[in-house]
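Mature numbering (1 follows the signal peptide of the UniProt record, and there is no 0) puts the sequence shown at residues -24 to -1, 1 to 140.
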Amino acid sequence: MSLKKIFSGLVFIFLAATNISALAGNSDLKAFTSGSYQQMLANNANRPFMLVIWSVDCSSCLKDMALLSSIHKSRPELKMIMLATDDLSATGEIQQLLEKNQLSGIENWIYAEDNTQKLRFEIDPKWYGELPRTYFLDATHSRVGVSGVISKKDYETMFKKILN
């Protein structure tokens, strides 16, 4: 075996281990794979929650982080779950953004499969990937999906609907 092949193999193993250990290093950042959405619903049976889908490449998503942090602090009774649509290579950047905005303590997920279209379809067959995307689910998990930036007033209106 050539030295080049050995070196290439070691580099690959190192990079894979780095991504996996970074993901494992923050227990709040879970791998979102096929079936994760159903797991999310099961884990929150009979409980309303808000699912915020975002990306590090979405400027509107990043601007919305301060408002989401404020909502999280002011509405502790509301379960907030965040899902980053980035791949595992963005784990470090995602963790930094969540920590900076004091959102690392909530339930956070990251796409962990190459077939992102399948993951989107499992969440909502009518969603085409536009970001930010927020789902408001009541205790029966009837939901309303909203694409784009949401005002604080609109968040409050939706919370009244799902928390009653």
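Glycine residues also receive a C-beta, built at the ideal position from the N, C-alpha and C atoms.
Cα-Cα separation between residue i and residue j, rounded to whole angstroms
{"i": "Asp90", "j": "Gly68", "result": "18 Å"}
{"i": "Glu98", "j": "Tyr131", "result": "24 Å"}
{"i": "Glu83", "j": "Tyr111", "result": "15 Å"}
{"i": "Val28", "j": "Arg109", "result": "6 Å"}
{"i": "Ile126", "j": "Gln15", "result": "26 Å"}
Check whether residue i and residue j have beta carbons under 9 Å apart
{"i": "Met41", "j": "Leu17", "result": "no"}
{"i": "Ala115", "j": "Asn19", "result": "no"}
{"i": "Pro24", "j": "Ile138", "result": "yes"}
{"i": "Pro123", "j": "Leu107", "result": "For clarity, residue 123 is Ser in the given sequence; the question names Pro instead. Taking 9 Å as the Cβ cut-off, Ser123 and Leu107 qualify as a contacting pair."}
{"i": "Met58", "j": "Trp30", "result": "yes"}
{"i": "Gly81", "j": "Thr92", "result": "no"}
{"i": "Tyr13", "j": "Leu64", "result": "no"}
{"i": "Leu43", "j": "Lys128", "result": "yes"}
{"i": "Ser45", "j": "Asn77", "result": "yes"}
Beta-ladder partner(s) of residue i, from DSSP
{"i": "Val125", "result": "Answer is none; Val125 lacks a bridge partner."}
{"i": "Met56", "result": "Met26"}
{"i": "Phe8", "result": "Tyr87"}
Chain-order list of residues whose beta-carbon lies under 8 Å from that of residue i (same chain, five-residue window excluded)
{"i": "Val32", "result": "Leu38, Ala60, Asp62, Ala66, Glu69, Ile70 and Leu73"}
{"i": "Gly11", "result": "Glu98"}
Spatial neighbours of residue i in its chain, beta-carbon cut-off 6 Å, leaving aside the 5 residues before and after
{"i": "Trp85", "result": "Lys6, Phe8 and Leu59"}
{"i": "Met134", "result": "Phe112"}
{"i": "Met56", "result": "Met26, His48 and Ile82"}
{"i": "Thr(-7)", "result": "Since pLDDT at Thr(-7) reaches only 45, below the 50 mark, its modelled position is unreliable, and the value read off the structure follows with that caveat. Answer for Thr(-7): no residue qualifies."}
Sequence-distant residues of its chain with Cβ nearer than 7 Å to residue i (five each side left out)
{"i": "Arg119", "result": "Tyr111, Phe112 and Leu113"}
{"i": "Asp100", "result": "Gly121"}
Could you say if the region 32 to 50 and the region 2 to 14 meet the contact criterion of at least three C-beta pairs nearer than 8 Å?
Segments in contact, no.
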